[in-house]
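Keeping their order, the protein sequence lines are chains A and Z.
Quick note: the first sequence, position 127, residue 127 per the numbering used here, numbers continuous.
Quick note: the second sequence, position 24, residue 24 per the numbering used here, numbers continuous.
First comes the structure, then the notes that go with it.
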Amino acid sequence: MSLPPLIAVVGNPNAGKSALFNALTGARQKVGNYPGVTVERHVGKMALPSGRAIELIDLPGAYGLDPTSPDEAVTRDVLLGKQQGERLPDALLVVVDASNLDNHLRFTLQLIELGLPMVVALNMVDLATRDGLELDAAKLEADLGVPVIETVAVRKRGIDALLGQLDKMLLAPRELRPGAGPSHDGFTLQRRARDIALGAIVRETPTRRLTHRLDGLLLHPVAGPLILAAILFVMFQAVFAWSAPPADALEGVTIATGNAIGNALAPGLFRSLIIDGVFAGVGAVIVFLPQIMILFLFILVLESTGYMVRAAFIMDRLMSHAGLSGRAFIPLLSSFACAVPGIMATRTIDDPKDRLTTILVAPLMTCSARLPVYTLIIGAFIPARSVLPGVGVQGLVMFGLYIAGVVGALVVALVLRRTVVKGGGGAFMMELPKYQMPRLTDIVLGLWQRAMIFLKRAGGIILVTTIILWAFASFPQAGPGQKQSDVSIAGHIADGIHVVVAPIGFNKDISLALLPAMAAREVAVAAIATVYSIDAGDETNLQPLEQKLAGRWSLATALAFLAWFVFAPQCISTIAVTRRETNGWKWPIFMVSYLFVLAYIAAGATYWTAVAFGLG
Amino acid sequence: MTEATSLDQLKIGHRARIAAIDWASLGDSDASRLRHFGFDEGVAVEPLHLGPFGADPLAVRVGRMTVAIRRAHARAVQVIPEAA
């Protein structure tokens with residue numbers, strides 16, 4: 001059986017390409033990755049009016065066939081039939097923004113030169129009309145020499161005509177237009193594009209455009225940053241507040257299911273594997289799902305309205321001091337909730353080096369999973385005194401830990417930009433697209449795709465790793481009178497870790513907790529709790545964990561432990577998503593190593609300073 | 001005719017035409033991105049907004065598009081202001 005004809009949807013960024021692709025394929029689309037690069041491949045199947053099945057791919061937005069980003073390189077390679085894992089398209093569906101023809105036709109002219117059958121969708125004609133621009137599609141068709149169809153993708157206008165045209169094109173014996181190749185230099189093409197665009201304009205009434213008026217407020221030197229701060233405040237509240245009930249519910253369901261299955265199984269190793277390995281692992285992953293979905297809901301809405309670019313515009317100058325661009329702002333901010341969606345959100349950064357730097361420093365933002373650890377240690381060791389009315393010492397320490405993370409991130413970014421991630425960057429060039437109402441189906445599709453990417457990719461690795469951790473903690477099995485934590489591989493590893501971390505004031509219990517903390521940071525609390533419950537007799541079990549800690553750890557050790565957590569234990573989800581997003585083990589290994597070194601130095605410095613002040 | 005100046009010196013809302021662009025002073029990829037945005041001799045430009053911190057970056061209308069670029073890049077674009 002031969003493959004269905006492949007139609008590539010191609011056009012400039014902000015031409016409404018993805019909206020058109022979504023309007024055509026709906027939910028019948030798949031998201032994957034091109035081999036070797038982190039560029040998403042969107043593909044969908046559909047039937048034309050004639051009943052002919054076709055396959056559509058949504059190529060990354062590009063300004064031309066001379067790429068300036070990895071996304072644009074994929075677009076070029078697919079169009080030239082050089083992309084690994086993709087066949088040469090049979091026809092092109094070129095999307096142009098009706099109100100930005102002088103710019104978009106340049107790429108269209110380049111595409112015409114490729115010689116593939118094509119149809120041009122003159123998209124967003126409604127917005128052009130709103131801006132007082134009246135166009136002559138027939139004149140444009142005559143000048144370009146290819147069929148032009150007016151569309152409004154978000155309202156599905158012109159879709160039928162477009163499909164009819166594709167049918168006609170695929171039915172016709174493949175007419176080989178001379179593929180002249182890119183014979184013209186950019187400037188000649190650009191000028192021809194401007195001439196053709198000018199020729200297609202019937203009338204232009206100067207209007208004060210809506211986008212310009214909105215920008216007057218949203219990019220206002222004073223109001224702009226304030227509005228941004230307000231939006232971010234709401235976003236944060238939502239991520240923390242809205243995600244708790246569904247996260248708890250998910251955890252509850254996982255535990256209940258695990259228990260139900262556990263009860264059905266005979267006690268033993270297999271049951272332990274299912275309950276302590278698989279379900280504990282899966283549970284640890286899916287509790288992050290509500291946070292990720294809420295965060296991405298905000299990100300998708302901000303992105304599709306056109307506001308995200310404005311936020312980057314406002315923050316660019318401040319970010320540039322750390323060698324980053326404004327684009328890094330939202331991903332880093334998201335990392336306060338969780339580094340996993342933060343790192344996934346770096347896909348919006350065009351410059352590969354800016355993106356890599358942002359990924360590498362994202363774990364330094366204090367994620368929500370560190371909160372339980374901070375809360376426990378601060379509660380146990382820091383007196384609940386007020387220094388000023390309403391300002392407690394405990395709150396100040398917590399604030400200080402957050403600040404330490406932010407400062408750490410900025411310094412590390414600066415150092416990385418001068419050493420391992422040198423070059424590139426220094427630029428901030430972005431189109432400020434027109435503001436648009438986001439469309440519900442586009443948002444829902446986007447959310448669904450993010451959720452799937454997270455569950456499939458990160459989930460797979462986390463599952464494997466938790467099973468390994470479980471195995472380490474369960475073998476070899478303790479004999480009578482022995483403690484499982486002493487004889488297991490994990491126990492021996494903890495002994496090994498203790499040798500390394502003893503100089504910075506960590507005891508054996510902490511060493512044991514560091515290992516499961518790799519799975520998820522908050523597990524460190526549970527691990528410490530378990531160790532002390534086993535060690536202590538029944539009578540002290542009722543004592544709160546904070547009091548137990550206060551009796552066993554010195555203040556210096558506690559402070560060192562806090563300093564350690566500002567920088568280190570990478571959770572496995574973060575490592576997995578970093579591997580995924582950087583396409584290999586090189587950068588996650590680098591990230592873990594540098595964080596470990598930083599954490600060791602920070603904890604050591606804290607411990608020895610505290611001991612010198614007599615707090616040991 | 002008004003004096004030529006560089007794009008970063010142009011006041012908000014003042015229209016101008018691009019007279020020349022110092023492509024050599026820009027890196028390869030920065031230059032081609034500017035070209036993709038439609039920066040070219042004879043094209044109409046107008047600064048619309050400034051970044052709130054240090055008046056950097058600039059939002060500039062070029063042709064029919066609005067783009068954000070940093071001040072350092074705007075300096076490479078020579079413009080002739082249009083008589084108001």
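All residues carry an ideal CB built from backbone N, CA and C; glycine is no exception.
- Per DSSP, ALA413 (chain A) has no beta-bridge partner at all.
- The shortest CA-to-CA distance from GLY604 (chain A) to any of A:ALA502, A:ALA23 and A:ARG580 is the one to A:ALA502.
- Membership of VAL43 (chain A) in the beta strand (DSSP E) is indicated by the continuous run 40–47.
- Counting only runs that start and end inside the region 283–335 of chain A, the alpha helix (DSSP H) elements of at least 4 residues fall at 289–305, 307–320 and 329–334.
- In this structure, the alpha-carbon of PHE39 (chain Z) lies about 11 Å from that of ALA74 (chain Z).
- Chain order gives the chain Z residues near PHE428 (chain A) as PRO57, ALA68, ILE69 and ARG70, where near means a beta carbon separation below 8 Å.
- Proximity of chain Z to TYR63 (chain A) at the Cβ level (cut-off 8 Å) is accounted for by ARG33, HIS36 and PHE37, in chain order.
- DSSP places ASP509 (chain A) within a helical segment (H, G or I) once states are collapsed to three.
- When CB distances to chain Z are screened at a threshold of 7 Å, the residues of the region 307–322 of chain A falling below it are PHE313, ILE314, ASP316, ARG317 and LEU318, in chain order.
- Distance from the CA atom of PRO221 (chain A) to the CA atom of LEU228 (chain A), rounded to whole angstroms, is 11 Å.
- Between ASP66 (chain A) and SER32 (chain Z), the gap from beta carbon to beta carbon is short of 8 Å.
- A straight-line Cα-Cα distance of about 30 Å links GLU303 (chain A) and ALA137 (chain A).
- Counting every other CB atom within 10 Å of its CB across the protein chains shown gives ASP160 (chain A) a total below 16, marking it as exposed.
- Boundaries of the alpha helix (DSSP H) harbouring ILE497 (chain A): 489–501, taken from the DSSP string.
- Judged by their CB atoms, LEU48 (chain A) and ASP167 (chain A) are nearer to each other than the 8 Å cut-off.
- Counting every other CB atom within 10 Å of its CB across the protein chains shown gives PRO47 (chain Z) a total of 16 or more, marking it as buried.
- For PHE475 (chain A), the number of other beta carbons within 10 angstroms of its own is below 16, and it is reported as exposed.
- Under the criterion of beta carbons closer than 8 Å, PRO13 (chain A) and GLU431 (chain A) qualify as touching, at roughly 6 Å.
- For GLU431 (chain A), at least one C-beta of chain Z is nearer than 8 Å to its own C-beta.
- Closest by C-alpha distance to LEU512 (chain A), out of A:PHE472, A:PHE399, A:GLY216 and A:ALA478, is A:PHE472.
- Taking every protein chain shown into account, the CB of ASP316 (chain A) has 16 or more other CB atoms within 10 angstroms, so this residue is buried.
- For the pair ALA200 (chain A) and ASP143 (chain A), the Cα-to-Cα distance works out to about 9 Å.
- Residue pairing for PRO47 (chain Z): DSSP places it in a beta bridge opposite Z:VAL60.
- With 16 or more other Cβ atoms inside 10 Å of its own Cβ, HIS104 (chain A) counts as buried.
- Chain A has no Cβ within less than 8 Å of the Cβ of PRO47 (chain Z).
- Distance from LEU34 (chain Z) to VAL79 (chain Z) at the Cβ level is roughly 14 Å; contact not present, criterion being Cβ atoms closer than 8 Å.
- The C-beta distance from THR68 (chain A) to SER29 (chain Z) rounds to 5 Å, short enough to meet the 8 Å contact threshold.
- No Cβ of chain A is located within less than 8 Å of the beta carbon of LEU7 (chain Z).
- Per DSSP, reduced to three states, the secondary structure at GLN237 (chain A) is helical.
- Between THR357 (chain A) and LEU324 (chain A) the beta-carbon gap is near 6 Å, inside 8 Å, which marks them as a contact.
- At a cut-off of 8 Å between C-beta atoms, HIS212 (chain A) counts as an interface residue with respect to chain Z.
- If you ignore the 5 residues before and after ILE378 (chain A), its C-beta comes within less than 7 Å of the C-beta of GLN394, VAL397 and MET398, all in its own chain and listed in chain order.
- Here ARG17 (chain Z) carries a strand assignment [DSSP, helix/strand/coil].
- The three-state reading of DSSP puts ARG552 (chain A) in helix, counting H, G and I together.
- Annotated three-state conformation of LYS30 (chain A) is strand, per DSSP.
- At the C-beta level, ALA413 (chain A) and ALA322 (chain A) come within 8 Å of one another.
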